[in-house]
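Here's the structure we're looking at; comments come further down.
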Amino acid sequence: AQSVTQLDSQVPVFEEAPVELRCNYSSSVSVYLFWYVQYPNQGLQLLLKYLSGSTLVESINGFEAEFNKSQTSFHLRKPSVHISDTAEYFCAVSDRGAAGNKLTFGGGTRVLVKP
Amino acid sequence: KAGVTQTPRYLIKTRGQQVTLSCSPISGHRSVSWYQQTPGQGLQFLFEYFSETQRNKGNFPGRFSGRQFSNSRSEMNVSTLELGDSALYLCASRHAGGAHSGSIFGEQYFGPGTRLTVT
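Taken in order, these protein sequences are the chains called L and A.
With the numbering used here, letter number 44 in the first sequence gets 44, and the count goes up by one each step, no holes.
For the numbering used here, add 1000 to where a residue sits in the second sequence, where the first one is 1.
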């Protein structure tokens, strides 16, 4: 069984300040890791993913996440946030070895960017 | 390419009724997964269909069922609705082609969801 813990349920941050969203997972097997973003009244959008290779992955809109196997973490960071980054962010894992693609999600972190 | 579409977007039902939700995946995508999102339980996996077969199932009662058609469109059905079934139901599609689809990992694309309210 897998589980994902997002340590902060809400993160208020001022515009242009950095933000870090923490994600830890527990799994007995190797996993793929993801961050999804959900804007109000919308579905989920994939922000970035770690499948293999470099442990630092980046998105096109300035977010980055680093896979740390020893700490079983996949924290999300952005050096300077915009008002438009206000949303809920979900960390998720998927079993590498399984057929199919079941995602196990964390509880979500709501980011509120203040002017 | 059109995205994942879900119909209806909003639905109000009475306890004890049944409901059917529909999901049309992105053209060419053969895998469709369903998730339930509630404030209390968060995002939970319901089931995944691939080539009209259920490949994975989450920990939900038998009142929750689904199916996939030959054109990859999927429906999920909830019978004997309970107040706790009120949720946002999200569908996600993935291009999972190939004989070893489990090893060819494709990104999941989510639809906007169907907001179900049970009164």
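All C-beta atoms in this analysis are idealised placements derived from N, C-alpha and C, irrespective of residue type, glycine included.
Just so you know, these numbers come straight off a predicted model, no measurement behind them.
- Nearest in C-alpha terms to Phe-1045 of chain A, of all of A:Pro-1061, A:Glu-1052, A:Gly-1016, A:Ser-1051, is A:Pro-1061.
- About 17 angstroms separates the beta carbon of Thr-1117 of chain A from that of Asn-1077 of chain A, a gap too long to meet the 8 angstroms contact definition.
- For the stretch 1053-1073 of chain A, the residues whose beta carbon sits under 8 angstroms from a beta carbon of chain L are, in order, Arg-1055, Asn-1056, Gly-1058.
- Arg-1030 of chain A has a beta carbon lying at 8 angstroms or more from every beta carbon in chain L.
- Every unbroken stretch of the beta strand (DSSP E) spanning 3 or more residues and falling wholly within the stretch 34-72 of chain L is given here in chain order: 44-50, 56-58, 64-68.
- The C-beta of Gln-1036 of chain A comes no closer than 8 angstroms to any C-beta of chain L.
- Taking the C-beta atoms as reference points, Val-1004 of chain A is found nearer than 8 angstroms to Phe-1110 of chain A.
- A direct Cα-to-Cα measurement between Leu-1081 of chain A and Pro-18 of chain L gives close to 44 angstroms.
- Contacts between Gly-1111 of chain A and chain L, judged by CB atoms closer than 7 angstroms, involve Gly-43 in chain order.
- Segment contact: the stretch 2-9 of chain L against the stretch 20-28 of chain L, three or more CB-CB distances shorter than 8 angstroms; contact assigned.
- Between Leu-46 of chain L and Thr-1014 of chain A, the alpha-carbon positions lie close to 34 angstroms from each other.
- CA-CA distance, Gln-1054 of chain A to Glu-16 of chain L, rounds to 46 angstroms.
- Pairing Gly-106 of chain L with Ala-92 of chain L gives a Cβ-Cβ distance under 8 angstroms.
- At least 8 angstroms separates the CB of Gly-53 of chain L from every CB of chain A.
- Listed along chain A, the residues sitting closer than 9 angstroms to Leu-46 of chain L by beta-carbon distance are Glu-1107, Gln-1108, Tyr-1109, Phe-1110.
- Under the Cβ distance rule, Gly-1042 of chain A counts among the residues neighbouring chain L, one pair being separated by less than 8 angstroms.
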